Amino acid sequence: MTVKQISVFLENKKGRLVQVTNVLSQNNIDISAISIAETTNFGIIRMIVNKPQLAVEVLKKAGFTVNTADVLAVEVPDCPGGLHQVLEILSHLNVSIEYLYSFVRRPSQKALILFKLDNTDRAIKALKEKKVNILSSQEVYEL
Amino acid sequence: MMYWNRPSECMGRETLRELQSQRLVKTVERVYYNVPYYRSLMQERGIVPEDIKGIEDLSKLPFTTKDDLRNNYPYGLFAVPLSEIVRIHASSGTTGKPTVVGYTRGDITTWSELMARTLACGGATKDSVIQIAYGYGLFTGGLGVHYGAERLGASVIPISGGNTKRQVMLMRDFGTTVLACTPSYALHIAEVLEEMIIPREELKLKYGIFGAEPWTEELRQEIEEKLRITAIDIYGLSEIIGPGVASECHYKDGLHIWEDHFIPEIVDPETGEVLPEGSEGELVFTTITKEGIPVIRYRTRDISKLTYEPCPCGRTHARMHKVLGRTDDMIIIRGVNVFPSQIESILVNIGETEPHYLLVIDRVGNMDSLEIWVEVSENLFSDEVRKLENLKQRIANEIQCTLGLSAKVKLVEPKTIERSQGKAIRVLDRRK
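Quick note, the sequences are listed as chains L and H, same order.
Sequential numbering of the first sequence, starting at 1, is according to this note's numbering.
Sequential numbering of the second sequence, starting at 1, is according to this note's numbering.
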């Protein structure tokens, strides 16, 4: 029930990010979601792409340090309290969030939240019980 | 001209040679009968102590290297039982294991005598107030100079390194006349003095006794101008005794090696062949009075040259040129010996199988700074910022523990660090 996220290590240097998108675009890889975590001298790009295996391969070939991680894709209503409801479930479970990022597809539609958690399996079980919609890889790629 | 021990320092060359021969013969006997390592080494070469009749036979003896000291860690090369050892010092080694040296009571007396000579050579007397800003501890700098200064009868301020503002305040209030520290720290003190707007007239400082790291003539001039002192270069290494192996006199034309205790040679670093006077090569020392850990033909890895020409100061001992370089990749940062391979083992321990790294050394406000660039491979990479920040901290902590140096760690992308013909460049020294 998790989605493969690829992460790329980048130094804070001009022109690095554009090289990543260049490699992906040349290989016809579609980015569904992207976020960047930055520190004073480096950044980590996290992406959900439609061909994760190919993306890892081509980025490595281009000289980047690439990793994959399993993240949870959760659908929440795009309205006040939408995210809150999910976070409350996780909080009760005592599951910690390493990071999250989100995107809204179209106004008033459901928003997608991507979670990196310290205990994904427990979270999946609890969210399912609460009828929260968890998206599969395929569903995320088709967005 | 001030001498501490005129008969020894100005001894005729013939008499000196005779003394060296006698002492060498005794040293060879001592190591043959007391240090199994040297005995087996000599047996392998078919040498017995009787074969060494004098200094002319020196080149028959095997060399000792830092590796030999390390392989016999910690006490393997001691020539006396531990009960005779009154002091242990150590310097950083290449694999995290330090190089250990032990001193008998007699060695401490010798060391104090030689350091008193060194200080007197640099201008200090029993009337001096000597501020010792070398680090105290396992490092030989602080305590070595300390015992010499007390032997000289000077007033000693054992302040150790660091806390520069306090150094400057006490220098003024206590009327320091001689400063002993690393040259880069002396320059830092000069700067802080300027910042604190203390008029030079309030200081009684006259001489600086600087060593433990290589420095240039330009740096000497800068220090002399800024502090308005005479700055003297001294040389020593813990494997031989510590500071007090050689010292400049006020002619500043080479460092007098205290030859009645250490026999110098210059050898070809590749072949080990002894080179004639004046040739540039690797400096090698044989200790001829040490009891705790005598060393035979120790390869210092320092490049220098020797002259036996008489010095106008009247001292007859050979002079070595200011160290010209190294035969290995050792670098000295804030007085600490650092080998790039030490950083490599730290990274390997952290889980990097084939680390690519670069030591970037710079001088920020005249203090050496060390930055370690580490290429982030998949082994080290994580999608979580926290884990990467922890990694940086861990590397910095390990460096602090192993080398006693604070370093800034910078994570860089693969292939950032330049490779020349497939061989990585490990050091970028911007101080030069």
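Cβ atoms here follow ideal geometry from the backbone N, Cα and C, with glycine treated the same way.
None of these values were measured; they are calculated from a predicted model.
Taking the beta carbon of Pro414(H) as reference, the chain L residues within 7 Å of it are Gly63 and Thr65, listed in sequence order.
Proximity of Leu411(H) to chain L, defined by a Cβ-Cβ separation below 7 Å, is satisfied. In the DSSP annotation of this structure, the continuous segment of the beta strand (DSSP E) that includes Asn67(L) starts and ends at Val66 to Val76. Membership of Arg39(H) in the alpha helix (DSSP H) is indicated by the continuous run Pro36 to Glu44. With its beta carbon less than 7 Å from one in chain L, Val376(H) belongs to the interface. For Trp373(H), the enclosing beta strand (DSSP E) has its first and last residue at Met367 to Glu375. Asp328(H) and His92(L) have their C-alpha atoms spaced approximately 60 Å apart.
Note on Tyr298(H): 16 or more other CB atoms within 10 angstroms of its CB, so buried under the neighbour-count rule. Counting only Cβ-Cβ distances below 9 Å, Asp362(H) has no contacts in chain L at all, with the closest Cβ about 16 Å away.
Here Asn71(H) is exposed, its C-beta having fewer than 16 other C-beta atoms within 10 Å. Taken through DSSP and simplified to helix, strand or coil, Gln393(H) comes out as helix.
Across the stretch 67 to 83 of chain L, CB contacts with chain H closer than 8 Å involve Asn67 and Ala69, in sequence order along the chain. For Val364(H), the enclosing beta strand (DSSP E) starts and ends at Tyr357 to Val364.
When secondary structure is reduced to three states using DSSP, His321(H) falls in the coil class, being assigned neither helix nor strand. Minimum Cα-Cα distance from Val364(H) among the listed residues Phe381(H), Ile333(H), Ile350(H) and Ser377(H) corresponds to Ile333(H). From the beta-carbon of Lys116(L), the residues of chain H found nearer than 9 Å are Asp383 and Glu384. About 4 Å separates the CB atoms of Gly142(H) and Tyr134(H); that is less than 8 Å, so the two are in contact. For Gly292(H) against Gly102(H), the beta-carbon gap comes to about 4 Å, under 8 Å, which counts as contact.
Look at His250(H) here: in three-state DSSP terms it is coil, with no helix or strand label. Residue environment analysis places Gln342(H) among the buried positions, since at least 16 neighbouring C-beta atoms fall within 10 angstroms of its C-beta. Contact note: Thr39(L) reaches chain H through Val385, Leu388 and Glu389, using a C-beta cutoff of 8 Å and chain order. As the crow flies, the alpha-carbon of Leu72(L) is around 12 Å from that of Lys125(L). Buried is the label assigned to Cys249(H), since at least 16 other Cβ atoms lie within 10 Å of its Cβ. If the five residues before and after Ser96(L) are omitted, its C-beta is found closer than 6 Å to the C-beta atoms of Asp118, all from its own chain and listed in chain order. Per DSSP, Arg46(L) lies in no alpha helix (DSSP H); the unbroken beta strand (DSSP E) holding it starts and ends at Phe42 to Val49.
C-alpha of Pro77(L) to C-alpha of Leu83(L): approximately 8 Å in a straight line.
Cα atoms of Glu259(H) and Ala318(H): separation of roughly 7 Å, rounded to the nearest angstrom.
Within its own chain, the residues whose Cβ lies closer than 8 Å to the Cβ of Ile132(H), once the five positions on either side in sequence are excluded, are Gly142, Val145, His146, Ala149, Val156, Ile157, Pro158, Ile159, Ser160, Ala180 and Cys181, listed in chain order. For Glu413(H) against Val376(H), the beta-carbon gap comes to about 7 Å, under 8 Å, which counts as contact. DSSP places Cys121(H) inside the alpha helix (DSSP H), whose first and last residues are Arg105 to Cys121. Nearest to Ala120(H) by C-alpha distance, out of Phe381(H), Gly208(H) and Ser304(H), is Gly208(H). Listed as beta-bridge partners of Asp302(H) by DSSP are Arg326(H).
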